[in-house]
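Student: Numbering (our numbering), first residue to last: 1216 to 1370.
Each residue gets a CB set at the ideal place from its N, CA and C atoms; glycine is no exception.
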Amino acid sequence: MVIDPTQNIDIWEFLKEVPDPEIPAINLVELGVIREVEKNDDELFITITPTYTGCPAKKLFEDLILEKLAEKGYKKVKIISKLNPAWTTDWLSDETRNKLLNEGISPPTIGDRIIVCPNCKSKNTKLLSQFGSTPCQSLYTCNECSEPFNYFKCH
Ligand SMILES: [Zn+2]
């Protein structure tokens, strides 16, 4: 499965206008939730991979996508959920990771499970709770600056 951004560029641009309901600073394309866009005459097929199989935001993702595309004149939109391969935080770009850090959310580092404090960049952090402000995040605290922060879970 390959994302081909040269196809249906306009649709990808519209989808970039849809913010992640949990982290509004980043959009669904940046989050890697939107995997494929196919156009067949006036019908659109959007393939999404939810960030988390039990993610309560899944329905919300779909509604937001449908709403945005309807606003752009696409009334016939089918959303296809694809769970395999599962969404991984590796799909986040460096730019998206930086945006998360700016939001006070620690993004995972590829191949490295050290959780960095978004406030002071210390690696001396500890888990407070498996569930943070949303089920897709965990709550951590920093041992250096004592700031609690959310960590975007790896799956
Ligand atoms: Zn800190």
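1) Throw me the rounded Cβ distance for the K1157 and N1223 pair, which I believe falls under 8 angstroms.
2) Which same chain residues, not among the five before or five after G1247, have their C-beta less than 7 angstroms away from its C-beta?
3) Comparing alpha-carbon positions, which option in S1337, P1323, N1339 lies nearest Y1366?
4) When the distance is taken between beta carbons, is K1283 closer than 7 angstroms to V1233?
5) Three-state secondary structure (DSSP) at F1346?
6) Among residues of its own chain, excluding the 5 on either side of T1264, which ones have a beta-carbon nearer than 8 angstroms to its beta-carbon?
7) Taking 8 angstroms as the limit between beta carbons, can you name the residues of its chain near K1291, skipping five residues before and five after?
8) Quick one: grab the DSSP three-state call for N1339.
9) What ranges does the alpha helix (DSSP H) occupy inside the segment 1222-1266, keeping only unbroken runs of at least 4 residues that lie completely in it?
10) Rounding to the nearest angstrom, what Cα-Cα distance links V1329 and L1281 in this structure?
11) In the DSSP assignment, find the beta strand (DSSP E) that holds L1354 and state where it starts and stops.
12) Measure from the alpha carbon of E1362 to the alpha carbon of each residue in C1351, P1350, L1342, F1346, then state which is nearest.
13) Please identify the residue among T1266, S1344, E1228 whose C-alpha is closest to the C-alpha of P1388.
14) Helix or strand or just coil, what does DSSP make of N1317?
15) Just verifying my parser: in three-state terms, what is the DSSP assignment at K1287?
16) Taking the C-alpha atoms as reference points, what is the distance between P1333 and D1278?
Tutor: Once the coordinates are examined:
1) A question about residue 1157 goes unanswered here, because the residues of the chain that appear run from 1216 up to 1370.
2) W1302, W1306, L1307
3) P1323
4) yes
5) coil
6) G1247, V1248, R1250, S1296, K1297, L1298, P1300, A1301, W1302
7) D1257, E1258, L1259
8) coil
9) 1224-1230, 1243-1246
10) The sequence given here places Ile at residue 1329; Val does not occur at that position. Using only the alpha carbons, I get a separation of about 37 angstroms.
11) 1352-1357
12) L1342
13) With the chain covering only 1216 through 1370, there is no way to say anything about residue 1388.
14) helix
15) coil
16) 31 angstroms
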